[in-house]
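K.L.:
Numbering (the working numbering), first residue to last: 1 to 259. C-beta atoms are modelled at their ideal positions from N, C-alpha and C, and glycine is treated no differently. Treat the numbers as computed from the prediction; the structure is a model and nothing was measured.
1. Give me the residue from 224, 26, 45 with the minimum Cα distance to residue 135.
2. Find out if the Cβ-Cβ distance for the pair residue 68, residue 121 is shorter than 7 Å.
3. Can you tell me where the beta strand (DSSP E) holding residue 4 begins and where it ends?
4. Would you list the one or two residues that DSSP bridges to residue 126?
5. Leaving out the 5 sequence neighbours to the left and right, which residues in its chain are closer than 6 Å to residue 109 when beta-carbon positions are compared?
6. Could you give the residue range of the alpha helix (DSSP H) that holds residue 218?
7. Once the 5 residues before and after residue 94 are set aside, which same chain residues still bring their CB inside 7 Å of it?
8. What residue range is occupied by the uninterrupted alpha helix (DSSP H) comprising residue 136?
9. From what residue to what residue does the beta strand (DSSP E) around residue 32 run?
10. Name the two residues that bound the continuous beta strand (DSSP E) containing residue 22.
11. Do residue 80 and residue 32 have their beta-carbon atoms positioned less than 7 Å apart in this structure?
12. Quick one: grab the DSSP three-state call for residue 52.
13. According to the Cβ coordinates, are residue 83 and residue 27 closer than 7 Å?
14. So who's on the other strand from residue 155, going by DSSP bridges?
15. Whose C-alpha, out of 23, 16, 14, is nearest the C-alpha of residue 4?
16. Give me the Cα-Cα distance between residue 158 and residue 113, rounded to the nearest whole angstrom.
17. Under 6 Å Cβ to Cβ from residue 104, same chain only, skipping five residues before and after it: list those, please.
18. State the beta-bridge partners of residue 225 as determined by DSSP.
19. Is there contact here, the stretch 210 to 222 with the stretch 250 to 259, by at least three beta-carbon pairs under 8 Å?
20. Whole-angstrom Cβ separation of residue 14 and residue 71, contact assumed at under 8 Å?
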């Protein structure tokens, strides 16, 4: 593999594993994260590829602008929107700052980075975009007893990522651009620890397996890659049900709403 990849959240977890995997395959990197020393380690570990480190806080408009400016007109072949923040909290306990961070990192940043980089991919007729979300994107109908997480805003940002990826794939695939929503379950990274959550007793997938699934999913032409779901048909059944509901609308008021 060659080319140039932009990986956000490259300081740790899935993003760091993605960056290391790509660099080991000869791909030059634009590695975005909050910790300079972690990004510098990538350059030291892989001296045969070019690693451009960008320290930026993607929860802020200025941080997003800094990354877009630094990438500029470089010919990006792969964009991995991986940066994340958890903030699992009851909605009324979620501060305005935390809510802004969540929406900034998981909605605004991927949208604007993709918008900045995609025109170049379209012009070249090739490119890949990976948007990292999670299986919580499917958890909207679940009760609190079923999931045990207070997650209204967090789950909603992941659901956005899923819908964004699917609709963008339909729009860009005729231009030779592949778009993937990557939906892992619980992964063994620092992500939950930084939120003060001890998940050591919970079965977790490795970041390496998540990246392996993502890269293989791209080869398979998947728009939605769920590394821990054995029966891919289950996902297709969910999406078929979505389209059935979408197609069932009528301009007539439904009977149950008539007095």
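P.N.:
Per the coordinate set shown:
1. 224
2. no
3. 4 to 8
4. Note: residue 126 sits in no beta bridge, so no partner.
5. 58, 64
6. 207 to 220
7. 87, 153
8. Looking at the DSSP string, residue 136 is not in any alpha helix (DSSP H), and its letter there is neither H nor E.
9. 28 to 33
10. Counting along the chain, residue 22 falls outside any beta strand (DSSP E), though it belongs to the alpha helix (DSSP H) covering 13 to 24.
11. no
12. strand
13. no
14. None; residue 155 has no bridge partner.
15. 23
16. 17 Å
17. 59
18. 182
19. no
20. So it is not a contact: roughly 20 Å between Cβ atoms.
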